[in-house]
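To keep things clear, I will list the structure first and then write my remarks on it.
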Amino acid sequence: MTARAVVVADYGRGNLFSVCQAVARVGGAPVLSSDPAAVRGAERVILPGVGAFGDAMAGLRARGLDEALTEFAATGRPLLGVCLGMQLLLEESSEFGRHAGLGLLPGRVERLPQPAPGSREKIPNVGWCRLEPAPGGTPWADSPFAAVKPGDFAYFVHSYAAQPGVPRQRLADIVFAGVPTCAAIVRGPIAGCQFHPEKSGEVGLSIIDAFVHRM
Amino acid sequence: MSAARVIARLDVKGPNLVKGIHLEGLRVIGDPRAYAARYYAEGADEILYVDIVASLYGRNNILDVVRRTASDIFVPMTVAGGLRSLDDVREALRSGADKVAINTAAVANPGLIREVSEAFGSQCMVLELQTKKIGPDRWEAYTDNGREKTGVDALDWGRHAVELGAGELLVTSVDREGTQKGMDLEFLRRLVPQVPVPVIACGGVGTPDHACEAVAEIGVDAVAVASVLHYGKCTIGDIKARLAMADVPVRASP
């Protein structure tokens with residue numbers, strides 16, 4: 017059996033080495049590419065990302081990857097956004113002004129709620145946080161979270177978080193500053209993780225494994 | 007609320023994992039890749055690689071080790087030792103590191119802290135603070151693995167580095183390092199309330215209790231441990247079990 021090819025979209029923002037290593041670890045064949053044609057022709061695509069939302073969208077547009085990703089998603093093939101890449105799936109973000117996203121899922125991206133003064137919680141939120149099913153959201157059994165257990169930890173680095181427009185598309189939450197905060201989204205073959213599955217130990221690898229083999 | 011972290015620290019010299027006492031008297035332990043993979047499997051929340059001769063000889067070959075281990079390790083990796091410039095940091099991140107810890111170059115050029123945090127985010131920029139007690143209530147910052155004194159007060163330098171953009175402080179006690187006699191709680195107790203960023207305590211853990219004191223009593227966000235793991239005195243799981251008993255949230259070891 018040939019390994020399943022996964023195109024990892026490279027738009028010049030951030031380190032994609034670890035994402036590729038994780039795909040390979042679960043038996044996939046990562047292909048790093050900034051070519052829109054490679055995205056259009058892919059079996060499945062991971063959209064990673066670190067940095068600022070507006071800058072990342074500019075990086076996608078400069079390479080024609082925004083349109084390629086939109087066309088790819090319309091065909092119903094699997095797409096996974098990671099960290100900033102998850103936020104880019106939504107309609108818009110308020111990070112450093114208003115910026116339109118890819119708009120593949122309804123919702124917005126807003127700054128994390130401010131932790132109380134003196135709290136050890138701070139922005140950016142960096143560290144291992146507990147994943148919990150989102151109330152009214154998609155059950156984990158029907159998602160790439162099938163092997164994740166409520167309360168499992170995942171590794172986060174973020175200052176902004178998604179606010180999905182459709183509660184059902186919310187997959188997992190963390191509690192930040194006392195507020196349930198979106199950690200993952202899903203709509204059919206499109207999923208996104210605010211945390212870094214490639215840095216979240218075996219829990220994260222189980223999500224990548226599900227994306228590569230079962231989505 | 008994020009979990010307290012237990013970090014496995016691997017000091018690397020050339021191709022070997024090594025360990026000394028007070029950052030001196032190095033002994034070869036083995037292949038860093040095998041040890042890192044074992045600590046990952048035991049539930050390490052992070053791997054910290056320190057090239058302990060890089061700043062001495064002005065070279066950096068630890069990135070080969072990082073690249074080779076990136077296929078085994080799926081938790082954050084931090085690289086320290088000999089990083090001097092934005093280009094060095096970029097290369098480390100490209101090799102699979104998530105963060106860099108800088109000491110010597112930041113003391114020589116504090117502006118590097120701001121440059122790194124602006125280019126890659128403050129969460130990438132860890133300041134390594136090597137401390138040595140020099141009097142009642144006084145600690146001096148050291149560089150080059152405890153070889154060179156700076157004449158700078160360690161508390162002042164830690165605070166200043168955070169103002170410049172350091173997103174995390176890695177505090178290595180030169181006095182305690184490798185001794186397994188407990189962490190420098192006195193210094194940590196003064197530092198932690200004065201900085202609004204996570205503090206990683208390093209140096210002196212000989213038992214899970216030592217790690218637990220620093221986390222549960224002082225409030226450090228993470229402990230980095232080396233000797234006790236390498237010599238099999240206790241495991242990451244033992245330390246986490248002790249933390250959990252003190253009601254500290256930890257990521258369960260597999």
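Chains as they are written, first to last, in my numbering: chain R, 17 to 231; chain P, 7 to 260.
Glycine included, C-beta positions come from ideal geometry on N, C-alpha and C.
Look at the alpha carbon of residue i and the alpha carbon of residue j, and state the distance between them as a whole number of angstroms.
i        : j        : result
P/VAL95  : R/PRO151 : 41 Å
P/LEU89  : P/ARG165 : 21 Å
R/MET17  : R/SER216 : For R/MET17, the predicted model reports a pLDDT of 49, less than 50, meaning its position is unreliable and no value from the coordinates is stated.
P/LEU135 : R/GLY220 : 32 Å
R/CYS198 : R/PRO166 : 14 Å
R/ALA21  : R/GLY44  : 6 Å
P/ASN22  : R/PRO205 : 45 Å
R/ALA132 : R/ILE139 : 11 Å
R/ALA157 : R/LEU187 : 11 Å
R/VAL55  : R/MET73  : 16 Å
R/PRO64  : R/HIS174 : 13 Å
P/ILE206 : P/LEU194 : 10 Å
R/VAL23  : R/PRO183 : 29 Å
R/ASP168 : R/VAL35  : 20 Å
P/ASN115 : P/ASN151 : 17 Å
P/ASP190 : R/GLY92  : 56 Å
P/ARG44  : P/THR213 : 19 Å
R/CYS145 : P/MET7   : 7 Å
P/THR110 : P/ALA160 : 13 Å
Any beta carbon from chain P within less than 7 Å of residue i's own beta carbon?
i        : result
R/MET17  : Because the pLDDT at R/MET17 is just 49, under 50, the model does not fix this residue reliably, and the point stays unresolved.
R/GLN37  : yes
R/SER109 : no
R/VAL173 : yes
R/VAL182 : no
R/GLY70  : no
R/PRO64  : no
R/GLY217 : yes
R/PHE169 : yes
In this structure, what does DSSP give as the bridge partners for residue i?
i        : result
P/TRP145 : P/LYS139
R/ALA188 : R/PRO149 and R/ALA200
P/ILE27  : P/GLU30
R/ILE206 : R/LEU95 and R/ARG203
R/PHE169 : R/ARG146
P/MET3   : Residue 3 of chain P falls outside the range modelled here, since chain P spans only 7 to 260, and no answer is possible.
P/ASP17  : P/VAL24 and P/VAL56
R/GLN179 : R/ARG124
Figure out for me which residue from the options has the closest Cα to the Cα of residue i.
i        : options                                   : result
R/PRO46  : R/GLY167, R/ALA19, R/GLY28 and R/GLY181   : R/ALA19
P/THR137 : P/LEU197, P/VAL24 and P/GLU124            : P/LEU197
R/VAL195 : R/GLU148, R/ALA162 and R/GLU218           : R/GLU148
P/ALA252 : P/PHE193, P/GLU219, P/ARG44 and P/GLU169  : P/GLU219
R/ARG230 : R/PHE88, R/THR197, R/ALA84 and R/LEU95    : R/LEU95
R/SER49  : R/PRO140, R/ASP158 and R/ALA58            : R/ALA58
P/LEU32  : P/ALA250, P/ARG120, P/SER233 and P/VAL254 : P/SER233
P/ARG39  : P/LEU176, P/GLY117, P/MET7 and P/MET83    : P/MET83
R/GLN179 : R/GLU83, R/CYS145 and R/PRO122            : R/PRO122
R/GLY181 : R/ALA40, R/LEU128 and R/ARG124            : R/ARG124
P/GLU124 : P/ARG73, P/THR110 and P/GLY173            : P/GLY173
Can you confirm whether residue i, when its beta carbon is compared against all beta carbons of chain R, has any partner nearer than 7 Å?
i        : result
P/LEU92  : no
P/VAL72  : no
P/ASN22  : no
P/GLY171 : no
P/VAL81  : yes
P/LEU118 : no
P/GLN200 : no
P/SER123 : no
P/LEU191 : no
With the cut-off set at 7 Å, would you say residue i and residue j are in Cβ contact?
i        : j        : result
P/ALA42  : P/ILE53  : yes
R/GLY80  : R/PRO52  : yes
R/LEU105 : R/GLY208 : yes
P/ILE242 : P/ALA76  : no
R/PRO234 : R/ILE201 : Because chain R here runs from 17 to 231, residue 234 of chain R falls outside it and cannot be looked at.
P/HIS236 : P/LYS19  : no
P/ASP14  : P/VAL221 : Note on identity: in this sequence residue 14 of chain P is Ala, with Asp being the wrong assignment. Not in contact: P/ALA14 and P/VAL221 (Cβ atoms no closer than 7 Å).
P/VAL211 : P/ALA217 : yes
R/ALA141 : R/PHE192 : Checking the sequence shown, residue 141 of chain R turns out to be Asn, not Ala. Yes, the Cβ-Cβ distance between R/ASN141 and R/PHE192 is below 7 Å.
R/PHE33  : P/GLY102 : yes
P/LEU176 : P/VAL132 : yes
P/GLY171 : P/ILE119 : yes
P/ASP181 : P/LYS139 : yes
P/VAL56  : P/ASP17  : yes
R/PRO155 : R/PHE227 : no
R/MET102 : R/GLN185 : no
R/ARG114 : R/GLY67  : no
P/THR156 : P/ALA167 : no
R/ALA163 : R/SER110 : no
Does any residue of chain A bring its CB to less than 7 Å from the CB of residue i?
i        : result
P/ALA160 : In the structure shown, chain A cannot be found, because the protein chains are R and P.
Following a CB-centred definition, is residue i positioned closer than 6 Å to any heavy atom of the ligand NAP?
i        : result
P/SER128 : In terms of ligand content, the structure shown is empty, and the ligand NAP therefore cannot be addressed.
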